[in-house]
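Novice:
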Amino acid sequence: MELPKGRIFRRRAKLFALAIVLTLISIIMIYPLLWTLITALKTNRELFLDPWGLPSNPTFENFFKALDRGNMGTAVINSLIVSLSSVFLISVIAPMAAFATSRLEFRFRGIVTNLLIAGFFIAPHAVLVPLLLLLRDMGLVDSHLGLILSYVGWNLPFAVLFMKAFFVSIPSSLQDSARVDGLSKYAMYQKIMMPLALPTILTVAIIMFIGIWNDFLFAFIFLRSPSNFTVPINLLNFTTGRYGNDYVAQSAAVLISAIPTIVLYLVFAERIRKGVAFMAFGR
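Each residue of the sequence shown is one higher than the one before, starting from 118 at the first, in the working numbering.
1. Alpha carbon to alpha carbon, what distance is there between residue 283 and residue 314?
2. Secondary structure at residue 172, three-state DSSP: helix, strand or coil?
3. What distance in whole Å lies between the Cβ atoms of residue 192 and residue 365, which are believed to be in contact at a cut-off of 8 Å?
4. Would you mind stating whether residue 269 and residue 206 have Cβ atoms separated by less than 9 Å?
5. Determine the direct distance from the alpha carbon of residue 172 to that of residue 166, and round the result to whole angstroms.
6. Within this structure, are the beta carbons of residue 339 and residue 221 separated by less than 9 Å?
7. Taking one C-beta from the segment 322 to 332 and one from the segment 381 to 390 each time, how about it: are there three or more such pairs within less than 8 Å?
8. Would residue 474 and residue 176 be called neighbours here (beta carbons separated by less than 9 Å)?
9. Contact between the segment 147 to 154 and the segment 315 to 324: three or more CB pairs below 8 Å?
10. Hey, out of 237, 149, 195, whose CA is closest to residue 260's CA?
11. Buried or exposed: residue 357, going by 16 or more other Cβ atoms within 10 Å of its Cβ?
12. Taking the alpha-carbon positions, what's the residue 273 to residue 347 distance?
13. I believe residue 401 touches residue 218 by the beta-carbon criterion, under 8 Å. Please report the beta-carbon distance rounded to the nearest angstrom.
14. Less than 9 Å between the C-beta atoms of residue 264 and residue 335, yes or no?
15. With distances taken from CA atoms, which of 388, 390, 367 is nearest residue 178?
16. Could you tell me the alpha carbon to alpha carbon distance between residue 197 and residue 213, rounded to whole angstroms?
17. Quick check: the Cα distance between residue 300 and residue 322, rounded to an integer number of angstroms?
18. If you measure between the beta carbons of residue 83 and residue 150, is that distance less than 9 Å?
19. Please determine, among 341, 162, 377, the residue with the shortest C-alpha to C-alpha distance to residue 257.
20. For residue 306, does the count of other Cβ atoms within 10 angstroms reach 16, so buried, or fall short, so exposed?
21. Counting along the chain, where does the alpha helix (DSSP H) carrying residue 310 start and finish?
22. Grab me the residues of residue 345's own chain with a C-beta within less than 8 Å of its C-beta, minus the 5 sequence neighbours each way, in chain order.
23. Can you check whether the CB of residue 279 is closer than 9 Å to the CB of residue 211?
24. Do you know how far the Cα of residue 389 is from the Cα of residue 118?
25. Return the chain-ordered ranges of every alpha helix (DSSP H) run that is complete within the segment 285 to 309 and spans a minimum of 4 residues.
26. Could you give the first and the last residue of the continuous alpha helix (DSSP H) run that contains residue 182?
27. Check for me: the alpha helix (DSSP H) holding residue 372 runs from which residue to which?
Have a look at this one:
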């Protein structure tokens, strides 16, 4: 049965209008990044003479200045150490906790789940002082280890509940068959549940990496030494220190800080979109 021409026209008109709106939003989102790239390829003199024009003689000197004099190279390495270590620990702990709270029966399981959910209602500012005092007593202030443990503890509730939603969706018949075959709980998790959960674990790892890489608050509170600074804190120092008026070098530093997350998104774009859809719709 063919649809009436009027309905087909209205549907196409809606799709066309939606495409225009999405295109405008994309331009608005991409333009600042594009302008930053153009600015990073100019000299300061050229920027002030023609801030909106293309560079007449593109130069990569600003990137070398940001990496060397601006300490961005060290900051990128620090951020990679902190982000990858935190993501690794979260990716190991969260699936086990999610499997236990969703597929196993044990005492206080409901209380543990409720505590995880309660973690979403606590603002990060509320835990900064207690966490700072705890790290101070442990001698972990101004250390990557203290920052890593803070990120792991803060992000575990989200990761566990995300993984829990996946494990709940697995048919119970699969678990019953594993029990009939004589598999222990650990063997069931290792041989059956983990292989099935790998795509979800990858999604959680990507989301966690992007969030931790871009985090400013925890790093700003817990780190003191410039040699330990992560990218967001180093950017703050770079833009307010001796290079406060060197806007082209600042633009280069901003681009350097964004490269890892941009590459990560380009490589795993489909996985990230599926993860967002799973969070929104549970499928």
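Here a beta-carbon is modelled for each residue, glycine too, at the ideal position from N, C-alpha and C.
Specialist: The structure says:
1. 8 Å
2. coil
3. Contact doesn't hold; Cβ gap of about 19 Å is too wide.
4. yes
5. 11 Å
6. no
7. yes
8. A question about residue 474 goes unanswered here, because the residues of the chain that appear run from 118 up to 400.
9. The answer is no - the segment 315 to 324 does not touch the segment 147 to 154, with fewer than three Cβ pairs under 8 Å.
10. Measuring from the Cα of residue 260, the nearest candidate turns out to be 195.
11. exposed
12. 21 Å
13. Past the edges of the chain, shown from 118 to 400, lies residue 401, and the structure says nothing about it.
14. yes
15. 367
16. Taking the straight line joining both Cα atoms gives about 25 Å.
17. Those two C-alpha atoms are separated by around 28 Å.
18. Given a span of 118 to 400 for the chain in the structure shown, any question on residue 83 remains unanswerable.
19. 341
20. buried
21. Unbroken run through residue 310: none, as it is neither H nor E.
22. 195, 259, 260, 261
23. Yes, they are a contact pair.
24. Note on residue 118: pLDDT 48, under 50, position unreliable in the model; the coordinate value appears next. The straight-line gap from Cα to Cα measures roughly 38 Å.
25. 289 to 297, 302 to 305
26. 178 to 185
27. For residue 372, the uninterrupted alpha helix (DSSP H) run begins and ends at 364 to 384, by DSSP.
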